[in-house]
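Numbering (my numbering), first residue to last: 982 to 1459.
Here the structure comes first, spelled out in structure tokens, and everything after it is commentary.
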């Protein structure tokens, strides 16, 4: 600071200048020794902005408290080289805003900085930080980490742990906020195809700003949109030999509520192999087209063979079915049996023969071939055409003419449910996100870790790898 002529100084207590006076004569207390503070006027600023900017530039003062009086306002600042809680540095300043002038006066104490002599408070030793980091890497929740530390007699408050974990998450996952420009840069930085078969990369991405014009998109005007798909070379190799694919969306993984779309393939032993993970701003036909085209182009450019799925196992949503037809000129979809039964059960809620009809539909689902299914279906229609005409009409329109691929014999090597993919979604929530919603910027890091684990678990050099079977282990004989 510049040197100025010392003018008349005044003294004040380190306590508030406007102390409340209470009659406590009947209480005998030990006198409190109060430190006298000598304030010296140092500089006069023409206005408040100049004064506040000068203090900000020094980067050593933090606002402490404010006193108001008839003559003006005093804003006190403390030395921020010491913790807020605890003994403060003797050096301090305050700005005085007189009511009768636009000028601002800067005062400082006549004491020098003494925080070098203060005992520095250390909340965490390096050993403790390492211990907490290890517990965090074990995917323990903050409450469990706190319990483990308490069991080890480590004295730490829950707020201290919470603050440290916030810093740790930022260090591992990056900032909690992200905009479309940051997301586009992040995808571009991670789009290089790596040498390792198990290292993740962004196979494809698309970012559209609200002022972009795209005649091929039929989404609502004025909306920001994005899509990105993460995979590995090994997972693309599995896609190149796969003909039976699964598609599903899951939610509650990120703060913004964007759907996470999982694409997988079933091998000849009906084992599911995830092919990658996508995050999109919507769950519409264009989003599934983006995913299908990403895999197709990725297989063609990186692995070489063509990706031509023969059948899709999904919930029958128009967005998925239309995307499959548009991309591969194929609309063959296996309907989830559990999904179909749930809708039928809901339709039968007010039907007197509800349970008997459901039992008959359960028997239809077990038909081992199309021939057996058609014969059993004719008997089913004959039985219920007179008693439940309205329901039978609904059943024929929804589950026979539109979707009739829900019985076991539709294809011997295709599962009739999507349980394996739904189980994969559950594992993501239980073991990777711990059923917590993460900011999109941090979920991007988590998503890469998820896909990387999928890929490494299918490395044949690993112990007990997950093998993609091109031929059934057990041959079915007709």
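Built from N, CA and C at the ideal position, the CB exists for glycine as well.
query	result
Proximity to residue 1155 [Cα-Cα], best of 1444, 1147 and 1188	1147
CB contact check: residue 1064 to chain B, cutoff 8 angstroms	The structure shown contains no chain B, having only a single protein chain.
Anticipated Cβ contact below 8 angstroms, residue 1164 with residue 1419, distance rounded	Wrong, their Cβ atoms sit about 14 angstroms apart, outside the cutoff.
Distance between beta carbons of residue 1301 and residue 1258, contact taken as under 8 angstroms	Not a contact, Cβ separation roughly 16 angstroms.
Within the segment 1015 to 1054, ranges of the alpha helix (DSSP H) (whole runs, at least 4 residues)	1029 to 1039
Enclosing alpha helix (DSSP H) for residue 1307 [first to last residue]	1299 to 1309
Cβ pair residue 1244, residue 1226 closer than 8 angstroms	yes
Stretch-stretch touch, CB-based, cutoff 8 angstroms, three pairs: the segment 1213 to 1225 with the segment 1258 to 1271	no
One or two residues paired with residue 1229 in a DSSP bridge	1243
Sub-8 angstroms separation of residue 1377 and residue 1349 beta-carbons	no
Same chain, Cβ closer than 8 angstroms to residue 1216, five either side skipped, listed in chain order	1254, 1255, 1256, 1257, 1432, 1435, 1436 and 1439
For residue 1273, three-class secondary structure by DSSP	helix
Residue 1136, buried or exposed, once every other Cβ within 10 Å from all chains shown has been counted against 16	exposed
Secondary structure of residue 1262, DSSP reduced to three states	coil
In DSSP terms, what residue 1292 is bridged to	1225
Three or more C-beta pairs below 8 angstroms linking the segment 1350 to 1366 and the segment 1323 to 1333	no
Cross-strand partners of residue 1255 (DSSP beta bridge)	1245
Per-residue DSSP class, three states only, for residue 1004	Residue confidence for residue 1004 is low, a pLDDT of 45 falling below 50, so the modelled location carries little weight and cannot support an answer.
Reduced DSSP category for residue 1453 - H, G, I as helix; E, B as strand; rest coil	coil
Buried versus exposed, by CB contacts within 10 Å (16 or more), residue 1370	exposed
Residue 1074 - DSSP class collapsed to helix/strand/coil	strand
Rounded straight-line distance, which links the Cα of residue 1317 to that of residue 1145	45 angstroms
CB of residue 1271 within 8 angstroms of CB of residue 1208, strictly	yes
At least 3 beta-carbon pairs within less than 8 angstroms: the segment 1080 to 1098 vs the segment 1111 to 1118	no
Rounded straight-line distance, which links the Cα of residue 1309 to that of residue 1246	16 angstroms
contact_flag[the segment 1057 to 1065, the segment 1023 to 1032] where n(CB pairs < 8 angstroms) is 3 or more	no
Own chain residues within Cβ distance below 7 angstroms of residue 1238, not counting five before or after	1232
Residue of 1185, 1022 and 1107 minimising C-alpha distance to residue 1075	1022
DSSP state of residue 1147 mapped onto helix, strand, coil	helix
Three-way DSSP call (helix, strand, coil) for residue 1348 in this model	coil
Euclidean distance between Cα positions of residue 1288 and residue 1449	16 angstroms
Entirely enclosed beta strand (DSSP E) segments - the segment 1306 to 1383, minimum 3 residues	1314 to 1316
Beta-carbon proximity list for residue 1220, same chain, < 7 angstroms, skipping 5 on both sides	1246, 1256, 1276, 1280 and 1288
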